[in-house]
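>
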Amino acid sequence: MFKSKHFEYYRTASVLLIALLLTFIIISFVSGQPLHTIYIFLYEPISSLSHFGNVVEMAIPLTFTGLALALLFKMNMFNLGAEGTFYFAGLMASFIAIRISMNGALHPLVCIMFGGIVGAAISAIPGWLKAKWDVNELVTSLMFNSILYGVGQYLLNYKLRDSAAYQTASFKFESTAVLSKLIPGTRIHTGLIIVIVCVILAHLFMYKTRWGYELRMTGANREFAEYSGIKTGRVIIYVHLLAGLIAGIGGSVEVLGMYSRFQWNALPGYGMDGALVAMIAKNSPIGVVGAALFLAYIRVGADMMSRYSDVPSEMISIIQAIILLLVSADQFLKFWKNRMLLKEAQKHA
Amino acid sequence: MHDFFAVILTTDFAYSVLRVTTPILFAALGALISNRAGIVNIGLEGIMLTSALMGVLISAYTGSAWVGLLGAALGGVLMAGMLAFFTLQFKTHLILGGIAINAFAAGGTIFVLYMLTGDKGTSSSLSSKVLPSIDIPLIKDIPVLGPIISGHHVLTYMSIIAAIVVYYMLKRTPLGLQIRAVGENIHAAESVGIKVKKVQYIALLLSGLFASLGGAYMSMGYLSLFTRNMTAGRGWIALAAESMGRSTAVGTTVTSFLFGFAQALSNALQLLKIPAELISTVPYVATVLGLVFYSISVSRKANKLMNKPK
Amino acid sequence: MAEALLDMRNITKVYPNGVVANQDVNFSLAEGEIHAVAGENGAGKSTLMKMMFGMEEPSRGDIYLRGSKIRLNSPQDAIRMGIGMVHQHFMLVPSFTVAENMVLGMEPRKGIAINYSEAVRLTKEYATKYNLHVDPTEKVENLSVGMKQKVEILKALVRGANILILDEPTAVLTPQETDELFDQLKLLKEKGHTIVFISHKLKEVKAICDRITIMRSGRTEGVFDMQQVSEQEITRLMVGRDVVLKYEKEANSIGKPVLRVKDFTVCSKEGKRVLNHIQLSISEGEIVGVAGVEGNGQSQLVDAVVGKLKGESGSVEVGNVPIGGMDIESVRGLGVSYIPEDRMRQGTAKEASILDNIISTRFKGKEWSKLGFFKRSKMLELTEEYIKKFQIKTSGPNQEIGMLSGGNMQKVVVAREGSTEPKFLIAEQPTRGVDVGAAQLIHHNLLELRSKGCAILLISADLNEILELSDKLLVMYEGEFVACFDHPSEISEQELGLYMLGINRQEQGDIRRGMHV
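Residue numbers (UniProt numbering), protein chains in the order written: chain R, 1 to 349; chain Z, 1 to 310; chain L, 1 to 517.
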């Protein structure tokens with residue numbers, strides 16, 4: 001029996017189903033062989049270990065940015081700076097990975113920590129501006145993305161560029177800095193462990209600690225939080241620091257886990273996708289894992305589809321937009337909830 | 001330093017300020033209209049991008065730049081309509097709805113471009129049309145002023161006219177009055193029988209229309225083709241311009257020119273020996289600074305009011 | 001009497017959340033009269049008026065206009081039928097001029113533009129006709145409250161209102177403005193308009209109205225010709241007790257003063273003194289009640305004693321510490337607790353669990369966490385203890401508080417605020433909108449705190465509550481204390497009503513002596 005208290009799950013599931021359905025509809029319009037294309041889209045990501053490995057590899061950065069945004073969204077802050085933070089922290093980690101030699105085990109850790117700290121520092125700026133003067137965090141964070149991209153490209157071209165490389169890319173990372181592979185036959189790297197640790201810590205932070213509590217109350221009702229004696233301005237700043245730290249670690253892990261040089265010549269897009277991940281997960285850190293896997297799955301499916309069929313992978317962003325529009329739609333399927341409530345009330349009466 | 005002034009103290013530079021302000025001004029006017037109705041249109045960026053592509057496609061297939069412009073406008077209005085439908089009907093979160101529209105446009109434009117041309121980067125394989133530039137008789141012969149004001153793209157002149165139209169519309173027409181009433185005191189509007197939702201729909205659609213003209217300008221004037229993500233944050237800069245312009249038509253126009261100046265500066269400075277990557281951040285840095293100064297002045301004022309007992 | 005102009009018969013209104021705001025209410029309006037609707041807050045006056053103006057639809061019952069049945073689905077319908085309303089909170093757009101506000105939604109046109117000079121002319125025409133003089137080109141935000149009200153009345157008239165509903169029109173006016181309003185209303189009556197006048201200020205009702213309908217607890221208590229009913233009679237009908245709650249209060253030794261308010265004055269934006277040289281002292285183990293018609297300075301008093309409001313003069317001290325301008329955490333650190341009037345806005349976070357709502361004021365304490373991690377089982381225990389003690393109907397400590405009924409939600413707020421061993425508790429409308437059972441529980445809790453030595457400031461519109469619980473009762477009227485009673489339970493409501501409505505007042509010296517300040 002459907003229960004109204006699980007309504008949010010039903011709604012999210014319905015949205016995802018509708019999105020998949022829509023995917024099929026679009027495919028049947030644009031593809032010469034719709035059934036075959038759908039087959040590729042759905043089956044290829046799980047057809048082999050290496051393909052499934054692709055899903056997990058992609059889920060790792062999505063989980064990082066999804067976590068960062070879940071923390072911010074939970075606080076009712078719409079900061080999309082994870083995009084720039086992720087990119088820039090990756091570059092900073094590359095600096096250490098290229099310029100400094102270190103003992104094997106320590107090297108990636110130092111790179112990642114450095115990337116994380118830089119990420120936290122960058123992310124704190126829009127947070128501080130918001131807490132102090134109520135500067136619109138959405139606009140500043142987006143401007144920061146463009147600024148960080150410009151500065152990053154400058155650093156890449158003038159400080160790190162290897163002219164011998166076949167494209168615009170940095171020098172090779174020191175071999176000690178690169179994250180080792182975890183599962184043979186895939187490119188899944190030790191970043192998986194780091195991300196799992198981050199998910200668990202974020203979950204504990206959000207639901208088990210007093211700081212996480214302050215975050216949740218500030219998001220649920222800022223006036224109530226203030227009335228209770230919580231200094232919400234301070235909460236906003238430390239949550240921004242934390243979100244930046246996570247996004248920064250994510251960028252560093254991605255760079256060191258998947259590449260041997262820094263070679264992003266555009267913002268990688270994980271920050272924006274993280275917003276979708278956080279929304280599907282309803283801002284729960286554990287839920288982020290599932291949402292990231294789902295998104296990675298359809299992403300890899302779309303990639304395979306563009307490789308083996310006539311439909312380009314960008315189709316997926318249309319689907320993502322639909323999910324985003326519906327998942328946050330308060331009134332969508334509300335009638336269903338009302339009917340559940342009515343039935344339950346009748347049963348009790 | 002000498003070089004710097006040599007760059008900006010030229011008629012070319014002044015001309016280019018007008019040129020780069022056009023899309024920002026259009027989008028900022030769009031932001032203004034919806035904001036005055038109490039709805040922040042976060043989807044401006046996506047609307048512009050959609051229109052930029054639509055203009056190129058329609059003009060390429062019909063062979064007419066003007067029909068292309070119409071197509072661009074239609075595309076933008078449709079996107080705004082989608083946003084309006086979800087936020088007003090389904091009560092989708094305003095900000096997330098806008099973000100979704102932007103994501104939709106970012107990927108959707110590439111998807112459509114690829115489906116039609118097989119290219120994911122630019123529309124260079126399409127022979128799309130460009131709207132004409134106009135020399136203004138008499139004025140074009142005036143020294144200094146002539147080269148600055150005359151010879152611009154038709155949409156550049158239209159953006160100036162649009163600013164005046166929006167000013168007049170908000171200030172003098174029944175629709176403008178109702179839009180402002182809805183944005184300022186929704187209950188007051190309701191209590192005299194204004195259909196609030198309808199007014200908000202109209203405002204958002206108009207907002208989409210203006211943003212779409214900015215988008216069309218990008219691909220049918222500023223450049224003569226569509227490239228992926230060619231709006232490059234102009235929709236966001238427009239939002240900042242609108243709030244710094246204190247939600248008035250005059251203020252918004254002035255701040256749009258300010259940001260246009262920053263953009264023109266960043267284009268012009270590329271002639272100097274400063275790395276292009278850094279210079280490209282100038283408009284964004286200017287936007288952040290502008291927004292911060294604006295917010296400080298607002299919060300100062302608010303604090304003053306707080307100290308006064310209510 | 002001739003056929004009624006407007007007749008509302010057997011009206012019942014049940015809101016979706018189950019609150020019965022009106023029950024079998026009958027209201028009949030005769031052409032050309034000024035008809036008062038009087039009753040306490042929550043008596044159902046506003047709901048009745050909203051139905052008359054089409055903002056709400058009755059759940060049961062019919063409305064007749066000149067004998068024929070009508071349906072009002074929206075304010076537009078009401079306006080079309082000649083019913084206009086002047087809301088208590090003005091429905092004006094501040095940045096618009098008077099003329100713009102006048103024509104909003106029905107703008108005269110000249111081409112595509114608004115015919116502004118026509119709007120000005122129209123405003124002037126009506127202003128002259130009804131002797132309501134306003135400057136059509138002035139912006140509304142620059143007008144005084146009295147002027148804004150005139151604009152509101154003109155707005156209704158220009159839309160063809162024949163019946164004019166005025167919702168507590170004098171609540172925001174100075175006495176002079178009130179006199180002026182009354183002259184204007186009399187003029188309107190002469191011109192054939194019918195006026196519904198909602199108020200609980202009896203003097204005013206007496207001064208201007210022809211008839212009065214009295215409401216209490218969602219029902220009509222009677223309709224009278226004004227000449228045939230005394231103020232005392234009206235007061236009795238308005239504030240009579242419904243459910244008589246009686247409490248055995250143990251005698252309590254009163255300790256040291258905890259709260260001290262000295263000579264506190266605050267002015268409103270319009271320059272009206274909303275708190276006028278307030279003196280107040282509350283001691284350990286003492287409940288001081290503040291009665292009064294809403295809007296006479298009670299909410300400013302609360303803001304002052306929680307440190308939110310800085311006065312133009314005077315000071316507020318809790319346990320000898322001045323709290324003006326202190327942050328909330330520090331004020332709470334002094335042992336101050338606060339049950340706010342609005343549990344949805346301030347008192348709870350409705351998407352959070354009951355547990356989360358219980359711990360919000362104490363979670364920083366060392367005993368609740370170890371190395372920053374919450375001691376969750378201890379919190380669960382605590383929450384369960386309160387659920388049991390306050391008989392909160394819920395599926396468990398983790399249920400979203402927003403799913404609870406108003407009464408149960410309020411119990412959570414009281415449980416939280418009352419259980420941190422407060423030295424000073426502010427209880428603002430602690431039982432508003434809750435059922436009798438919950439109210440009783442909350443009252444017992446307040447008495448328990450009192451016997452533990454907590455100083456309590458009780459602000460309530462519920463006279464039964466305030467008379468039963470208070471050790472000392474103050475009556476507030478227009479920002480001042482106008483009476484002080486040492487044995488509240490012995491006062492009759494009628495007597496109290498006379499003070500609340502500003503008909504009687506005690507000598508200032510007596511009040512101060514009564515408060516020992």
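The C-beta atom is built at its ideal place from N, Cα and C for all residues, glycine as well.
Alpha carbon to alpha carbon, what distance is there between Z/Leu272 and Z/Asp3?
Stepping through the second sequence from its first residue, residue 3 of chain Z is reached at position 3. Stepping through the second sequence from its first residue, residue 272 of chain Z is reached at position 272. So the alpha carbons of these two residues sit roughly 7 Å apart.
> Can you confirm whether R/Tyr297, when its beta carbon is compared against all beta carbons of chain Z, has any partner nearer than 8 Å?
Here residue 297 of chain R refers to the residue found at position 297 when the first sequence is read from its first residue. So no, R/Tyr297 is outside the interface.
> Kindly indicate which three-state DSSP category R/Cys198 falls into: helix, strand or coil?
Residue numbering aside, residue 198 of chain R sits at position 198 when the first sequence is read from its first letter. In the structure shown, R/Cys198 sits in a helix (DSSP, three-state: H, G or I).
> Please confirm whether L/Thr383 has its beta-carbon closer than 8 Å to some beta-carbon of chain R.
Locating residue 383 of chain L in the third sequence gives position 383, where the first residue counts as 1. Not one chain R Cβ lies under 8 Å of L/Thr383.
> Of all Cβ atoms in chain R, is any one closer than 8 Å to the Cβ of L/Ile426?
Residue 426 of chain L sits at position 426 when you count from the first residue of the third sequence. Chain R, which has no Cβ nearer than 8 Å to the Cβ of L/Ile426, makes this no.
> Please go through the same chain and pick out, in chain order, the residues whose beta-carbon is closer than 6 Å to the beta-carbon of Z/Gly221, but skip the five residues on each side of it.
To locate residue 221 of chain Z, count along the second sequence from 1; it is residue 221. So the list reads Leu131, His153 and Leu155, once near-sequence residues are dropped.
> Please list the segments of the alpha helix (DSSP H) lying wholly inside the region 168-207 of chain L, counting only runs of 4 or more residues, in order along the chain.
If we require 4 residues or more, the alpha helix (DSSP H) runs fully inside the region 168-207 of chain L come out as 175-190.
> Only counting the same chain, and skipping five residues up and downstream in sequence, which positions put a Cβ closer than 6 Å to that of L/Arg513?
By 1-based counting over the third sequence, the position of residue 513 of chain L is 513. Correct list: empty, nothing qualifies.
> If you draw a straight line from the alpha carbon of Z/Lys91 to that of Z/Gly215, how long is it in whole angstroms?
In the second sequence, the residue the question calls residue 91 of chain Z occupies position 91. In the second sequence, the residue the question calls residue 215 of chain Z occupies position 215. Spanning the two alpha carbons is a distance of roughly 27 Å.
> Is R/Asn103 close to chain Z, meaning its C-beta is less than 8 Å from at least one C-beta of that chain?
Locating residue 103 of chain R in the first sequence gives position 103, where the first residue counts as 1. So, not an interface residue.
> Do you know offhand how far Z/Gly118's Cα is from R/Pro312's?
As a position in the second sequence, residue 118 of chain Z is number 118, starting the count at 1. As a position in the first sequence, residue 312 of chain R is number 312, starting the count at 1. Approximately 9 Å, taken between the alpha carbons.
> State buried or exposed for L/Glu3, treating a residue as buried only when at least 16 other CB atoms are found within 10 Å of its CB.
In the third sequence, residue 3 of chain L corresponds to position 3, counting from 1. Exposed, by the Cβ-count rule.
> Can you tell me the Cα-Cα spacing of R/Leu20 and R/Ile323, whole angstroms?
To locate residue 20 of chain R, count along the first sequence from 1; it is residue 20. To locate residue 323 of chain R, count along the first sequence from 1; it is residue 323. Cα-Cα distance, rounded: 10 Å.
> Among the candidates R/Gly274, R/Gly115, R/Lys334 and R/Met217, whose CA atom is the shortest distance from the CA of R/Val15?
Residue 15 of chain R sits at position 15 when you count from the first residue of the first sequence. Checked all of R/Gly274, R/Gly115, R/Lys334 and R/Met217; the closest Cα to R/Val15 is R/Lys334.
> At a Cβ threshold of 8 Å, is R/Met58 touching chain L?
Reading the first sequence from its first residue, position 58 is the one you call residue 58 of chain R. Chain L contact via Cβ: absent.
> So, at 7 Å on beta carbons, what are the nonlocal neighbours of Z/Ala241 in its own chain, with the 5 sequence-adjacent residues on each side left out?
Taking the second sequence and counting its residues from 1, the one referred to as residue 241 of chain Z is at position 241. Result list for Z/Ala241: Ile24, Ala28, Thr252, Thr255, Ser256 and Phe259, in chain order.
> Among Z/Ser243, Z/Gln270, Z/Val20 and Z/Asp12, which has the Cα closest to the Cα of Z/Ile160?
As a working note, residue 160 of chain Z is residue 160 in the second sequence. For the residues Z/Ser243, Z/Gln270, Z/Val20 and Z/Asp12, the minimum Cα distance to Z/Ile160 belongs to Z/Val20.
> With a Cβ-Cβ cutoff of 8 Å, do Z/Gly97 and Z/Phe86 count as a contact?
Taking the second sequence and counting its residues from 1, the one referred to as residue 97 of chain Z is at position 97. Taking the second sequence and counting its residues from 1, the one referred to as residue 86 of chain Z is at position 86. Result yes, Cβ atoms of Z/Gly97 and Z/Phe86 sit closer than 8 Å.
> Is the beta carbon of R/Ser170 less than 8 Å from the beta carbon of R/Asp162?
Locating residue 170 of chain R in the first sequence gives position 170, where the first residue counts as 1. Locating residue 162 of chain R in the first sequence gives position 162, where the first residue counts as 1. The answer is yes: Cβ separation under 8 Å.
> Where does L/Gly222 land, buried or exposed, given buried means 16+ other C-beta within 10 angstroms?
The residue given as residue 222 of chain L occupies position 222 in the third sequence. That one is exposed.
> Is L/Asp242 close to chain R? Criterion is C-beta to C-beta, closer than 8 Å.
Working through the third sequence from its first residue, we reach residue 242 of chain L at position 242. Only weak support is given to the placement of L/Asp242: the predicted model assigns it a pLDDT of 48, under 50, and the value that follows is read from those uncertain coordinates. For L/Asp242, the answer is no, since every Cβ of chain R falls outside 8 Å of its Cβ.
> Would L/Gly325 be called buried (16 or more neighbouring beta carbons within 10 Å of its own) or exposed?
Within the third sequence, numbered from 1, the residue matching residue 325 of chain L stands at position 325. L/Gly325 comes out exposed.
> Would you mind giving the Cβ-Cβ distance between Z/Ala203 and Z/Ala37, rounded to the nearest angstrom? I have them listed as a contact below 8 Å.
For the purposes of this step, residue 203 of chain Z is taken as the residue at position 203 of the second sequence. For the purposes of this step, residue 37 of chain Z is taken as the residue at position 37 of the second sequence. Right, their Cβ atoms sit about 3 Å apart.
> Answer with buried or exposed for Z/Val288, where buried requires no fewer than 16 other C-beta atoms within 10 angstroms of its C-beta.
Working through the second sequence from its first residue, we reach residue 288 of chain Z at position 288. It is buried - the Cβ of Z/Val288 has at least 16 other Cβ atoms within 10 Å.
> Can you give me the Cβ contacts of Z/Gly245 inside the same chain, cut-off strictly under 8 Å, excluding the 5 residues immediately before and after it?
In the second sequence, residue 245 of chain Z corresponds to position 245, counting from 1. Taken in chain order, the residues that qualify are Ala28, Leu32, Gly251, Thr252, Thr253, Val254, Thr255 and Ser256.
> Against chain R, does L/Glu248 count as a neighbour if the rule is that its beta carbon must be under 8 Å from one of theirs?
Taking the third sequence and counting its residues from 1, one reaches residue 248 of chain L at position 248. Taking Cβ atoms only, chain R never reaches closer than 8 Å to L/Glu248, which makes this a no.
> Which same chain residues end up closer than 7 Å to L/Ile198 when comparing Cβ atoms and leaving out the 5 residues on each side of it in sequence?
Position 198 of the third sequence, counting from 1, holds the residue named residue 198 of chain L. Closer than 7 Å at the Cβ level, and outside the excluded window around L/Ile198, lie Val37, Lys45, Met49, Leu166, Asp167 and Glu168.
> Could you give the residue range of the alpha helix (DSSP H) that holds Z/Pro23?
To locate residue 23 of chain Z, count along the second sequence from 1; it is residue 23. Start and end: Thr11 to Arg36.
> Step through the CB atoms of chain R and report whether any lies within less than 8 Å of the CB of L/Val14.
By one-based count along the third sequence, residue 14 of chain L stands at place 14. So, not an interface residue.
> Can you find the residues in the same chain that come closer than 6 Å, C-beta to C-beta, to L/Gly297, ignoring five residues on each side of it along the sequence?
Here residue 297 of chain L is taken as the residue at index 297 of the third sequence, counted from 1. Once the five neighbours on either side are set aside, the close Cβ partners of L/Gly297 are Val274, Leu275, Met476 and Gly479.
> Across the region 46-64 of chain Z and the region 178-188 of chain Z, are there enough close Cβ pairs to call them in contact, namely three or more that are closer than 8 Å?
No contact exists between the region 46-64 of chain Z and the region 178-188 of chain Z.
> Which residues in the same chain have their Cβ closer than 7 Å to the Cβ of L/Val243, if we skip the five residues on either side of it in sequence?
Position 243 of the third sequence, counted from the start, is the residue given in the question as residue 243 of chain L. Only weak support exists for where L/Val243 lies, its pLDDT of 48 falling under 50; the value from the coordinates is given anyway. Excluding sequence neighbours, L/Val243 sits near Val436.
> Assuming contact is defined by CB atoms lying nearer than 8 Å, are Z/Phe26 and Z/Phe226 in contact in what I supplied?
Here the question's residue 26 of chain Z lines up with position 26 in the second sequence. Here the question's residue 226 of chain Z lines up with position 226 in the second sequence. Contact: no.
> Going by Cα to Cα distance, which pick from L/Ser405, L/Ile163 and L/Ala113 is closest to Z/Val166?
For the purposes of this step, residue 166 of chain Z is taken as residue 166 along the second sequence, with counting starting at 1. Nearest option by C-alpha distance: L/Ala113.
> Give me whichever residues DSSP pairs with L/Ile282 in a beta bridge.
Position 282 of the third sequence, counted from the start, is the residue given in the question as residue 282 of chain L. Paired residues: L/Leu259.
> Taking 8 Å as the threshold (C-beta atoms), are L/Val305 and L/Leu457 in contact?
Mapped onto the third sequence, residue 457 of chain L falls at position 457. Mapped onto the third sequence, residue 305 of chain L falls at position 305. Their beta carbons are under 8 Å apart, which means L/Leu457 touches L/Val305 by this criterion.
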